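Using this note's numbering, the letters of the sequence shown map in sequence onto residues 789 to 1034. Positions of the beta carbon are idealized from the N, C-alpha and C atoms, including for glycine. On a predicted model such as this, the values are computed, not experimentally measured, just so you know.
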Amino acid sequence: MDLQGKVAVITGASSGIGEATALMLAEAGVKVAIAARRAEKLEELKKKIEAKGGEALIVITDVTHKTAVEYLINHTKDTFGSVDILVNNAGIMPLSLMKNLKTDEWEKMVDVNIKGVLYAIGAVIPIMREQKSGHIVNISSVAGRKVLVGSAVYSATKFAVRALSEGLRMELSPNDGIKVTSIEPGAVETELTSTITDEEIMEGLKKMLDIETLKSEDIAEAILYVVKQADRVNVNEVMVMPTQQG
789 MDLQGKVAVI TGASSGIGEA TALMLAEAGV KVAIAARRAE KLEELKKKIE
839 AKGGEALIVI TDVTHKTAVE YLINHTKDTF GSVDILVNNA GIMPLSLMKN
889 LKTDEWEKMV DVNIKGVLYA IGAVIPIMRE QKSGHIVNIS SVAGRKVLVG
939 SAVYSATKFA VRALSEGLRM ELSPNDGIKV TSIEPGAVET ELTSTITDEE
989 IMEGLKKMLD IETLKSEDIA EAILYVVKQA DRVNVNEVMV MPTQQG
C-alpha cells in the first residue's frame, strides 16, 4: 500500500519507539500528529521531520486525560482531514516486586498503559468507521505473553492490550474495514527502564539486559511493515525479539 498522504497519530512520540516511528512514517509520506507531554522533545522531532520534507503536527497530550486524548484525535482530523493510522505507543514500565507495595506505580501503569490506550481507541473508532478504513496499532510487549518476577502489574497491562487488540480486530475488521495489530517487542533500548524505582528489580534487570537489545528503529520497521500491507491483509500480531534474548 502506498502511504503517501495518509495521516497517523502517534502517542508517546517524544522518544524511543514513538519518535522512531514518527520519523519512519513521515519519510514514507505520512502526515504525522506527534503526541506526548514534553513539548521541547516534540519540537525537536518536528524539525527533524520537516528537514526531510515531512509534515508534522504537535499536540501536547497526557494520555491519562480522556479529554486531552479526544482533542488529539479530533484536532488531527480537523487539521489533516482524516486519521488513517493510530499508533498507541505511550506506556510506562516501573517494574517492582509485589511485596514492595508500590501501589501508586501500579495505578499509573493502569492509567497510561490501559486507560490511555482505551481513550485513543474510543476517540478514533467513530472516525475510522465513518471512513470505512483505518489501522489501529497497539504496542504491547513480550511481557504481554510471559510474566517475570517483578513484571506482574506491567504484564497485566500488556496482556490487556493484547486482549483489546484481538477483540477489536474481530469486531471492526470484517464489517468496518479497520485493521488492528498488536506489536510485541522484547528488550528495546528506550527510556522505559528509567521509571523503575525498585532497587531489587534493577539489579536483576541489569543482568537480564546484558545483551544486544533492539533499537527503537527495529520496532518502527515492524510498524511500517504492517501498515503498508494491502487492504486484504491484516497482520494481527508481531513479536520482535533480540536475537540474544531467551
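- As for any beta strand (DSSP E) of minimum length 3 sitting wholly inside the segment 863 to 892, the runs are 873 to 876, ordered along the chain.
- Collapsing the DSSP output to three states places T983 in a helix.
- By the criterion of a C-beta distance shorter than 7 Å, A856 is surrounded in its chain by T849, D850, once the five residues flanking it on both sides are discounted.
- Measuring C-alpha to C-alpha distances from V820 to each of S803, G793, A827, E828 identifies G793 as the nearest.
- R1020 counts as exposed, since fewer than 16 other C-beta atoms from the protein chains shown sit within 10 angstroms of its C-beta.
- For P1030, the secondary structure class from DSSP, reduced to helix, strand or coil, is coil.
- Under the DSSP assignment, K835 falls in the alpha helix (DSSP H) whose first and last residues are 827 to 839.
- As for any alpha helix (DSSP H) of minimum length 4 sitting wholly inside the segment 957 to 1016, the runs are 987 to 996, 1004 to 1015, ordered along the chain.
- Around E838, the same chain offers A844 as residues with beta carbons nearer than 8 Å, after the five sequence neighbours per side are excluded.
- With a 10 Å radius around the Cβ and a threshold of 16 neighbouring Cβ atoms, L889 comes out exposed.
- CA-CA distance, K836 to S802, rounds to 12 Å.
- The Cβ atoms of V818 and V871 do not sit closer than 8 Å to each other.
- By the beta-carbon neighbour count (other beta carbons within 10 angstroms, threshold 16), M881 is buried.
- Non-local beta-carbon contacts of A908 in its own chain, meaning distances under 8 Å to residues more than five positions away in sequence, involve V797, T799, V851, V857, L860, I861, L874, N876 in chain order.
- With a cutoff of 8 Å on beta-carbon distance, A824 and G806 are scored as near each other.
- Using a C-beta cut-off of 8 Å, the segment 904 to 920 makes no contact with the segment 928 to 943, since fewer than three inter-stretch Cβ pairs fall below that distance.
- For F947, the CB contacts under 6 Å within the same chain, skipping 5 residues up- and downstream, are G932 in chain order.
- One thing to note: Q1032 has its Cβ within 8 Å of the Cβ of I999.
- For I848, DSSP records a beta bridge to A824.
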